[in-house]
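What follows is a set of notes on a single structure, which appears directly below.
Numbering (our numbering), first residue to last: 753 to 923.
This is how it looks when you write it as structure tokens:
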């Protein structure tokens, strides 16, 4: 059975337009990837942004020895993850999706994205679903995956907050 998790990145004092503009900007993605390289090898494979919306494709390479012990029992080499994020055209609220592909991976990971205004700024909510199809280990691996995903989302949100603060100073 699949497990679900919601993560909300709250950007105080920044508008949905500022966040959407960052998500449309190659410099933002390059800076974000550079920050994530502190943890593992990462690349921006493509970015397509325009009136139709945004699609960005990222590649993360996680060394096998950095994976949790339980994951190492089923994954025999470095894990390469290709993540695609797609956002619709900008509006008062913007919706999107993401999917993470792991070649020969034992399951699926993806979810929905929702950027919306709040009283203090805006929020980007990520609603994820993880499903691992390995008998006996599936539920435990799903939980490990989601816990590590929260750490990734938190690091990305902190970098995004710094980017927004630098690009759109609040006085």
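Just so it is clear, CB atoms sit at the ideal spot from N, CA and C, and this is done for glycine as well.
Boundaries of the beta strand (DSSP E) in which residue i is found, first to last residue
i           : result
residue 821 : Unbroken run through residue 821 is the alpha helix (DSSP H), 821-824; no beta strand (DSSP E).
residue 812 : 805-814
residue 798 : 793-802
Buried versus exposed, by CB contacts within 10 Å (16 or more), residue i
i           : result
residue 906 : exposed
residue 856 : exposed
residue 870 : exposed
residue 730 : Only positions 753 to 923 of the chain appear in the structure, and residue 730 is not among them; the question remains open.
residue 863 : buried
residue 825 : exposed
residue 828 : exposed
residue 808 : buried
Supposed contact pair residue j and residue i - C-beta distance, whole angstroms, cut 8 Å
i           : j           : result
residue 846 : residue 838 : Between residue 838 and residue 846 the Cβ distance is about 11 Å, and since that is not below 8 Å, they are no contact.
residue 916 : residue 763 : 6 Å
residue 830 : residue 811 : Actually they do not touch by this definition, with Cβ atoms about 12 Å apart.
residue 889 : residue 822 : 7 Å
residue 858 : residue 833 : So it is not a contact: roughly 13 Å between Cβ atoms.
residue 754 : residue 836 : About 19 Å; that fails the 8 Å criterion.
residue 852 : residue 861 : 4 Å
residue 884 : residue 876 : Contact doesn't hold; Cβ gap of about 26 Å is too wide.
residue 912 : residue 765 : About 13 Å; that fails the 8 Å criterion.
residue 724 : residue 794 : It is not possible to answer for residue 724, since the shown part of the chain is limited to 753 through 923.
Paired residues, beta bridge with residue i - DSSP
i           : result
residue 881 : 756 and 862
residue 850 : 837 and 863
residue 868 : 875
residue 764 : 873
N- and C-terminal bounds of the alpha helix (DSSP H) containing residue i
i           : result
residue 896 : 890-919
residue 778 : 778-788
residue 775 : 768-775
Inter-residue spacing [alpha-carbon to alpha-carbon] between residue i and residue j
i           : j           : result
residue 778 : residue 788 : 15 Å
residue 903 : residue 761 : 12 Å
residue 775 : residue 918 : 15 Å
residue 878 : residue 899 : 14 Å
residue 768 : residue 801 : 16 Å
residue 935 : residue 819 : Because the chain is modelled from 753 through 923, residue 935 falls outside the range shown and cannot be assessed.
residue 780 : residue 756 : 28 Å
residue 842 : residue 804 : 9 Å
residue 874 : residue 840 : 17 Å
residue 867 : residue 813 : 27 Å
residue 891 : residue 910 : 29 Å
residue 922 : residue 895 : 38 Å
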